[in-house]
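Some notes on the structure that comes next.
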Amino acid sequence: MFRIAIDRGGTFTDVFAVCPNNRIVTLKLLSQNPDHYADAPFEAIRQILLQESLADNKKDRVDFDRLTSIRMGTTVGTNALLEHKGERVAVVLSKGFRDIFRIGFQNREKIFELNLEEPFCLYEKVVEVDERIILYQEQCDLYRNVPIETASTGEKIAILKPICHDDVYRELKSIYDQGIRCLAIAFVHSYLYPKHELIVEEIAKKIGFVYITLSSRIMPMIRYVPRGMTSITDVYLTSHIKDYINGFLANFPRNFDSQKLLFMQSDGGLTHVDNFSGCRSILSGPAGGVIGYAMTTVNDIGLDRPIIGFDMGGTSTDVSRYHGRFEHKFESKIADVIIQTPQLDIHTVAAGGGSRLYFMNGLFVVGPESSGSYPGPICYRNNGYLSVTDANLCLGRLVSDYFPKIFGPNKDQELDYQAVVEEFEKLAVKINDFYRQENRKEMTVQEIALGFIKVANETMCRPIRKITQGKGYEISNHVLTCFGGAGGQHACAIARSLGISKVFIHKYAGILSAYGIALADVVHEETTPCSLIYRKSNLAEINSRINHLCTICENMLLSKGFHSDSIRFEIFLNLRYDRTDFALMITCPSDDKRIIECNENNFLRCFYDQYQREFGFLVHDRDVWIDDIRVRSIGFIRETFLPAEDDGHDPEPLCPIKTTNCYFENIGFVSTPIYDYGDLRHNHSIQGPAILIETNCTILIEPNCVANVTKQRNILIEIETEKSIKLSPELDPIYLSLFSHIFMGIAEQMGSILQHTAISTNIKERLDFSCAIFNSKGHLVSNAPHIPVHLGSMGKVVQYLAENNDEMNPGDVFLTNHPSEGGTHLPDLTVVTPVFYQHSKPIFFVASRGHHADIGGLTPGSMPSNSISLNQEGATFQSFKLVKENVFQEDQLIAALMKPEQHPGCSGTRALNDNLSDLKAQIAANNKGSKLVNELIEMYGLNVVAAYMDHIQKNAELEVKDLMKRVVLDHKTNVLQAYDHMDDGSILKLKIVIDPKNGNCLFDFTGTGEQVHGNWNAPESITYSAIIYCLRCMIGHDIPLNHGLLSSIKVIFPKNSIISPSEDAAVNFLSQTSQGNVLTSQRITDVIFKAFGVCAASQGCMNNITFGNSTISYYETVAGGAGATKNSDGRSGVHTHMTNTRITDVEILEKRYPVIVKTFRINSGTGGRGHRNGGDGLIRELLFRQNLTLSVLTERRVFSPYGMNGGNEGRKGKNLIKKNGVWVNLGSRNTIDVSSGDLFRLETPGGGGFGPIE
């Protein structure tokens, strides 16, 4: 009998088949080869059956009588999502939220991209249903007379507006009559109360809709946007997948049992064909790889070490971690679509064999663009692009004689080595021309190819560090299991870079995803919301819900033919601390029981252990909430294809089948033996360098590595790791690119730690933070791309501390927010840690900045619109020692946070516990950065690390100079000018003078208005942030973000102006900056871009909204329209320029705070018209349920966002409050008391148009 497992990937389709007599057949085909076959999986099956003489080559159909099963992982759903080839869909949602799934989180993925294209919209039509439920709040006087029901969690909900059947029927019938048959239904809070969605589903079924997805059924978890987008994605893809499946089955006899066909889901479990749906198909293929490496590695070498899976394919690389259980995540983003379903925790980086190679101003760049399977790399003979695969071929690491001959017009030629060498020679001319101008050493073709390989390796190391070091695991303790078509060529180098001493490569590494699919079990999951505190009194209810879900899961598997003794359950509780938004999905170690019940300690103890390991501390004296209960049931399939062990006899001596010249660093070309994997036996040992040829992959054993053959005839490579690397401080272009990745990776890991360890919504949910590394002078070296307004201003803070604090000792940590020290606005608290290394003075600094929801002052949120002194804006910190010689100064910190209450009308911080927790999170992030910097010094030496910090800055300087020279050529002048106004009439004026010969540049703000008696003065650091941001945007490609961007820039500030308020005034509390950071910064950006003429004005505002009282405080910024450019319309409803924070999900906001979001949609027509239209702003309406204080800080309510080159202006914004039935305009800035029942309406500005209307 035949049992076939298939992984249809983006480039190749891999097949693992067990044929009669247990003969194993493996196969690899191009996934797209339209001249030879229509469908790769079916063609693979046809070929295997043909080989066994069970099929006639002339027949269109094949005989499947002897087939036991087909198991498949497929990219059909993923490709349909990426290529926008799903079905026509309509979405049914709550009234007021028409555009909520277009707006998403409101942030932009690429913060330096000016051509902000609208994400593809998966749905064609929207039906707004006038229904609404809200969570019942005892202290709310509104809606006392509406029906109150109890949700599945036990929480009370209020039915504000029931479903009107007639209205819904009429709307859906209209959609149906337009030919749409797929419907997604998503109502606010339906995860708690699905009744309204069920009612609409029944109506839709009666009308005749074929595919209907309910958000409450697809993933009943809190957060409206991810849940709703998941339901849309599911119905968009499911019908497409069903069509593919039906077409696939049509190749077989009518009596073929479709239950023999199982599909791999994103969570790592198989499901029968009738249960396979769109949203669970996204990681179908990669999930097979995780199952494959986990089971094969453990089965062969045991589970004494955790395992890192490294799956390098043609277009990307997937990494994951396994240590006794599979790690899952519940939210991801693919092709701008948010997916909220259980999925294996796989991190993908755009670096694979097909990643394209570039040289840009001294930097070697790999990807993210891919040559794909067609046209593919140069060596594929399709006029493709220079790629990583080409580099390996050039270096002799791929051998054409042993690579499938599937290229050329007739798909029968080998890889084209000569074309690759010629293309590298062309690139070498370009690179060496550049180096001659810089008086640098020229490079050979092989040095260039190896350089790209090293950069690609570092790119792939970054996500591995994220899933290990970023989660508190020691990376060197892991085994690296490499697979995928290209993984074996990079395995040794990746391991050495990470300090890993063991690499495991399975004999089916080239098709391990297919093999993993063959090894997988059938899985069914159920999830339900919970909303119970983890305490003894709730255990009976918690366990009742667990058992109910287990019963549902068991019945499902029993219906598929499983017996009870073949079913096991994994129980998960989604736990979080009270008053936080970040939950951890926790399970307990398994025991002999089929169902693990929740007791007073078991899950709670696991939660504390994981929290402590990942975040470095615990939050004491807080309840732990159970947000969701998840049950994962596994139906074990008895048959397994894990091999038996070899007999252990001493093998015959191993002889190479050939030798080849292979190139290695510091050695050059080496005669390298090639071995046939089929000749390997247990106890064979191969000293590197060597190449192993397996049917579906090539394995490179590098020098100083030894490959040993295990009992199961797999490869375990012992790596001689390097504790230090000898490298000259002189510039090496390859290491320039490597250190760029390394420094950025450190900043990213700091950001990951901060996001996960923080308590507040601002940092954890809205991502209002930044992390960075600085040299000993306080100059920015690397800044993870978080919030642009922090870019230059953080450097000013660190410079001030470096120049003005002689008393810095190991174990000290500083806190500052004062404008005289480079601060922006007071809620942005910057934590700076000096890094020492065998020196009495700091050698580097690491810093993190986070926006704190409240630090005291006049109003909740610490961003009053009416403050006239700095004291009224909250607590101030000037070089405050937050940690003194490793001792956290908690008493002094609390005293400082409460100090504002000494001033009339002011309060101390209203969020003390959150302040303390978030500052500890910032310290933890800095500690991670400090540790990683010290490890880097241990590896390369202090002189080298310091030198490359300088080299990277000089490279950024070079980029800016080249940009300025291009500007002069494009504008045919070296003088550019622009001005704009704040809403109070203050002018911002800029004259830019460029030296056309050397690219140096002067930014002269002379003529800018005087400092104001208000709080929108901006310290000079904000202008530097704006300049850095604008320069990086105009450069147009990825470069290290650092102080070098400013090295060739001179800035003239008019003293005592709105962008350079008097330092004396600041110190004496007469000049305020709470709005300079969030408002004036945007206008500075507008003026710079206006001078360069690159884009029309975006909304020019952050739309800052704060509300609260003595016990709560909430802050948000709201998106608007983006300005158009020459090449692109502006995007609607997105944050632009100096901010990039997320919006809090409506369900979390309404659950945590006394407000109701009545409306959140795009304000159509507010973008300026032009050859390219500006993006539209938003409308957001908040209904208050308690008496609160509201502060509004906005701009562009008086002066419209400008158009560019003849494009029209965007529409101005507006702030309104409805009290007692009367609308009142609040103006640009205001602070008022609001009452229960008051309605706030925010209309954000649109972006300007570009070019005249045609």
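Note that full-length UniProt numbering has the sequence shown beginning at 1, numbered continuously upward.
Glycine included, every Cβ here is placed at the ideal spot set by N, Cα and C.
Going by beta-carbon coordinates alone, are residue i and residue j separated by less than 7 Å?
i: Y663; j: Q892; result: no
i: V781; j: N1042; result: yes
i: E694; j: Y677; result: yes
i: E885; j: N805; result: no
i: N1187; j: S1235; result: yes
i: E414; j: K426; result: no
i: G1170; j: G1251; result: yes
i: R1161; j: R66; result: no
i: K1158; j: L135; result: no
i: S216; j: P194; result: yes
i: P703; j: P1019; result: no
i: residue 1260; j: K991; result: Look at the range of the chain in this structure, 1 to 1254, and you will see that residue 1260 is not part of it.
i: residue 1257; j: D578; result: Look at the range of the chain in this structure, 1 to 1254, and you will see that residue 1257 is not part of it.
In the DSSP assignment, what are the bridge partners of residue i?
i: C771; result: S848
i: K884; result: V887
i: Q977; result: K991
i: N1230; result: V1192
i: Y663; result: F669
i: L936; result: Per DSSP, none; premise fails for L936.
i: I1179; result: R1161, E1243
What do you get for residue i, buried or exposed, if any count of 16 or more other CB atoms within 10 angstroms of its CB means buried?
i: G268; result: buried
i: G561; result: exposed
i: N926; result: buried
i: R613; result: exposed
i: L618; result: exposed
i: A924; result: buried
i: I1253; result: exposed
i: H684; result: buried
i: M794; result: buried
i: P842; result: buried
i: C1101; result: buried
i: C482; result: buried
i: I773; result: buried
i: F250; result: The sequence shown places Ala at residue 250, not Phe. A250 is exposed by the Cβ-count criterion.
i: F669; result: exposed
i: C771; result: buried
On the premise that residue j lies in contact with residue i, defined as a C-beta separation below 8 Å, what is that separation, rounded to the nearest angstrom?
i: S1081; j: Q1011; result: Not confirmed; about 15 Å, so no contact.
i: T909; j: G856; result: 5 Å
i: G285; j: T11; result: At roughly 11 Å, the Cβ-Cβ gap does not stay under 8 Å, so G285 and T11 are not in contact.
i: T297; j: V349; result: Incorrect: roughly 21 Å between the Cβ atoms, too far for contact.
i: L172; j: I203; result: 6 Å
Note down the Cα distance separating residue i from residue j, rounded to an integer number of angstroms.
i: Y417; j: F424; result: 11 Å
i: N432; j: L731; result: 15 Å
i: R3; j: C121; result: 40 Å
i: G516; j: R1172; result: 49 Å
i: M1034; j: V1094; result: 8 Å
i: G1248; j: I787; result: 23 Å
i: K260; j: H272; result: 8 Å
i: L1226; j: P864; result: 14 Å
i: L160; j: I199; result: 16 Å
i: I634; j: F359; result: 49 Å
i: F330; j: I339; result: 8 Å
i: M312; j: T659; result: 26 Å
i: Q1072; j: Y1029; result: Its pLDDT being 47, under 50, Q1072 is placed unreliably by the model, and the measurement read from it follows with that caveat. Near 24 Å, if we compare the C-alpha coordinates of Y1029 and Q1072.
State yes or no: is the C-beta of residue i nearer than 6 Å to some heavy atom of the ligand COA?
i: C1101; result: No copy of the ligand COA occurs in the structure displayed, which carries no ligand at all.
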